[in-house]
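Below you'll find the structure, written out as structure tokens, and then a few comments.
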Amino acid sequence: MSKSSLKSLLHTDMLLYLTILYLIEFVRGAALISFLPIYGDKALGLNLDVIGAAITAHYLTDTGLKLAIGYLLDRLSVRTVISVGALCSLIGIAAMQFADIPWVFITAAALYGIGISPVWIVCLTKINEDQRATQMGFLYTIWLVGMGSGPVVINLLLDYDLTVSYWVMVGVSLAAWLLSLMIKGGRNVHIDVVPFRKQLSILGKRLREMKPLLPGMVLQTLGAGMLLPILPSFAVNALDMTATHYSILLMIGGGCTVIGLIPMGKLSDMFGKKWFLIVGFLAFGLVLFALTLHPPLGLALFWAFVLGVSYSAVLPAWNALLAAYVPPGQQGLGWGVFSTVEGIGGMIGPVVGGLIATRYSEASVIGIAGVLFIVISVFYVFFPFRLFRGEASPAAAKEAQ
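What follows is the structure, given as structure tokens:
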């Protein structure tokens with residue numbers, strides 16, 4: 002990222018938002034990827050379908066509230082919206098201590114989902130239009146460092162003591178809430194005041210324009226969501242990994258994604274999004290198939306490297322493409338609508354993955370997710386990217402005006 006692009010993004014308020022985002026995502030990654038699956042299985046003896054239901058409940062509240070939170074950010078103090086969400090997340094994590102029965106376990110996971118959307122949507126509204134993919138690459142770097150470091154740290158602590166793991170997550174959630182109280186008052190998301198019905202009309206038009214993209218939005222989050230409840234047990238049962246090996250795998254995959262995001266964002270700004278999406282999703286699907294063959298540890302770690310690079314190619318291109326359809330002046334509501342549509346697959350995926358794993362095996366889930374990502378890759382081969390604003394060259398855009 003250039004110094005000017007970095008400087009324009011990292012002003013004082015944005016640094017505070019990014020810190021809160023990191024802390025919240027640290028706990029979310031720790032909870033979804035490590036704590037909920039491992040604690041639910043080993044300590045509580047819950048089936049994978051119950052664990053999948055808890056993860057779905059988390060995404061249900063996160064996704065379902067995105068539209069409402071976007072609407073609130075258009076009208077209320079950013080501090081109020083973010084701090085209330087962070088407090089709900091803190092309560093959700095604190096309730097895990099009492100989650101010795103399934104409904105409490107599921108409810109606590111759902112409550113934590115309330116705090117994710119506000120800070121994420123605020124960060125998205127700070128992206129400059131002319132440096133969209135590059136700055137998104139940086140934003141996703143912060144997000145992934147949080148999402149990736151959480152499960153690595155907690156996975157190591159889970160081998161040591163479940164109680165220590167729990168209190169670390171509570172402490173980080175508390176820090177995020179306290180920092181949210183330091184946000185300046187006032188509506189510091191700069192959005193024009195437009196009647197709500199008119200905003201919905203504009204967004205409806207944008208959704209109709211991007212109708213061909215909607216299946217991909219749902220399928221890719223469905224495939225990813227299916228993997229969440231079964232990854233730790235698959236690593237242990239099918240790949241014969243210890244908790245330390247699993248942490249190393251997560252560090253390799255997450256590290257390669259973080260390192261690749263900004264360069265991939267720059268390249269997608271220069272060359273367009275199409276082939277980054279096609280190749281990225283194809284590699285993702287093929288690697289998942291390779292993991293079902295029970296590779297030895299060294300090869301499994303290499304596949305984690307490939308997955309990380311593939312993910313870094315997909316994320317900036319995909320989100321820059323979506324950003325082209327957020328109406329100017331309704332950024333909070335716009336990202337809320339798009340994130341809600343995108344999150345439908347994330348809501349369904351964990352339940353589907355948990356049910357398939359319970360009835361068949363974890364490897365079946367991995368293979369089916371691989372098929373989904375290959376289908377998405379083929380879909381983008383034939384997708385008319387030239388019709389999208391985000392893919393138009395400056396000259397073509399000028400002619401279209």
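The opening residue of the sequence shown carries number 2 in the numbering used here; numbering runs sequentially from there.
Glycine residues also receive a C-beta, built at the ideal position from the N, C-alpha and C atoms.
Ala-44, buried or exposed, once every other Cβ within 10 Å from all chains shown has been counted against 16:
exposed
Using 10 angstroms around the beta-carbon of Ile-21, count the other beta-carbons present and answer buried if the total reaches 16, otherwise exposed.
Ile-21 sits buried, since 16 or more C-beta atoms from the chains shown fall within 10 Å of its C-beta.
Kindly list the residues whose CB is nearer than 8 angstroms to the CB of Gly-432, restricted to its own chain and excluding five residues on each side of it in sequence; keep chain order.
Here the chain has residues from 2 to 402 only, and residue 432 is not among them.
Coarse secondary structure for Ala-239, derived from DSSP in three states:
Ala-239: coil per DSSP, three-state reduction.
When you compare each of Ile-39, Gly-255, Leu-179 and Leu-268 to Tyr-161 by their alpha carbons, which one comes out closest?
The option with the nearest alpha carbon to Tyr-161 is Ile-39.
Just list the alpha helix (DSSP H) runs in the segment 30-104, keeping only unbroken ones of 4 residues or longer that don't cross its boundaries, in chain order.
49-74 and 79-95
Measure the Cβ-Cβ separation of Leu-262 and Leu-316 and say whether it is below 8 angstroms.
yes
Taking the C-alpha atoms as reference points, what is the distance between Ala-236 and Lys-275?
Between the C-alpha atoms of Ala-236 and Lys-275 there is a straight-line separation of about 32 angstroms.
My guess is that Glu-343 and Gly-147 are in contact by the Cβ rule of under 8 angstroms, so how many angstroms apart are they, rounded?
Not confirmed; about 19 angstroms, so no contact.
Please classify Arg-29 as buried or exposed, where buried requires at least 16 other C-beta atoms within 10 Å of its C-beta.
buried
Taking Cβ to Cβ, would you say Phe-106 is nearer than 8 angstroms to Gly-65?
no
Leaving out the 5 sequence neighbours to the left and right, which residues in its chain are closer than 8 angstroms to Gly-368 when beta-carbon positions are compared?
Leu-289, Phe-290 and Thr-293
Flag this pair as touching only if the segment 371-384 and the segment 73-80 have three or more C-beta atom pairs under 8 angstroms; answer yes or no.
no
Between Ser-248, Ser-35, Pro-230 and Ser-90, which has its C-alpha nearest Ser-118's C-alpha?
The residue among Ser-248, Ser-35, Pro-230 and Ser-90 with its C-alpha nearest the C-alpha of Ser-118 is Ser-90.
Based on Cα-Cα distance, which residue from Leu-356, Leu-300 and Gly-273 lies nearest to Ala-318?
Gly-273
Gln-98 and Tyr-167 closer than 8 angstroms at C-beta
Judged by beta-carbon spacing, Tyr-167 lies within the 8 angstroms limit of Gln-98, meaning their Cβ atoms are closer than that value.
Give a yes or no on whether the C-beta atoms belonging to Glu-363 and Ile-231 are separated by under 8 angstroms.
yes
Examine the Cβ distances between the segment 45-55 and the segment 174-181 and report whether three or more of them are shorter than 8 angstroms.
no
Proximity winner among Ala-69, Leu-19, Gly-309 and Val-376, relative to Leu-223 (alpha-carbon distances)
Selection Ala-69, Leu-19, Gly-309 and Val-376 evaluated against Leu-223 yields Val-376 as nearest (Cα-Cα).
Helix, strand or coil for Lys-127 per DSSP?
coil
Quick one: what's got a C-beta closer than 7 angstroms to Ala-284's C-beta in the same chain, skipping five residues either side?
Val-307 and Ser-311
Just confirm the distance between the C-beta atoms of Val-173 and Leu-24, as a whole number of angstroms; I'd bet it's less than 8 angstroms.
5 angstroms
Between the C-alpha atoms of Lys-212 and Phe-282, what's the straight-line distance to the nearest angstrom?
20 angstroms
Ile-107 in three-state terms, based on DSSP:
If DSSP states are grouped into helix, strand and coil, Ile-107 belongs with the helices.
Excluding the 5 residues flanking Val-194 on each side, which residues of the same chain have their C-beta closer than 6 angstroms to its C-beta?
Confidence at Val-194 is low in this model, with a pLDDT of 46, below 50, so the placement of that residue should be treated as unreliable; the coordinate-derived value is given next. The answer is none, since no qualifying residue turns up.
Spatial neighbours of Ala-305 within its chain, please: CB distance less than 6 angstroms, with the 5 preceding and 5 following residues excluded, ordered by chain position.
Leu-250, Ile-253 and Gly-254
Count the other CB atoms, across all protein chains shown, that sit within 10 Å of the CB of Leu-19; report buried if there are 16 or more and exposed otherwise.
buried
Pull up the distance between the alpha-carbon of Val-366 and that of Ala-358, whole angstroms please.
6 angstroms
Suppose you measure from the CA of Tyr-247 to the CA of Ser-234; what does that come to, to the nearest Å?
10 angstroms
Among residues of its own chain, excluding the 5 on either side of Asp-50, which ones have a beta-carbon nearer than 6 angstroms to its beta-carbon?
Gly-355, Leu-356 and Thr-359
Own chain, CB closer than 6 angstroms to Ala-100, minus 5 neighbours either side, in chain order:
Phe-106 and Ala-109
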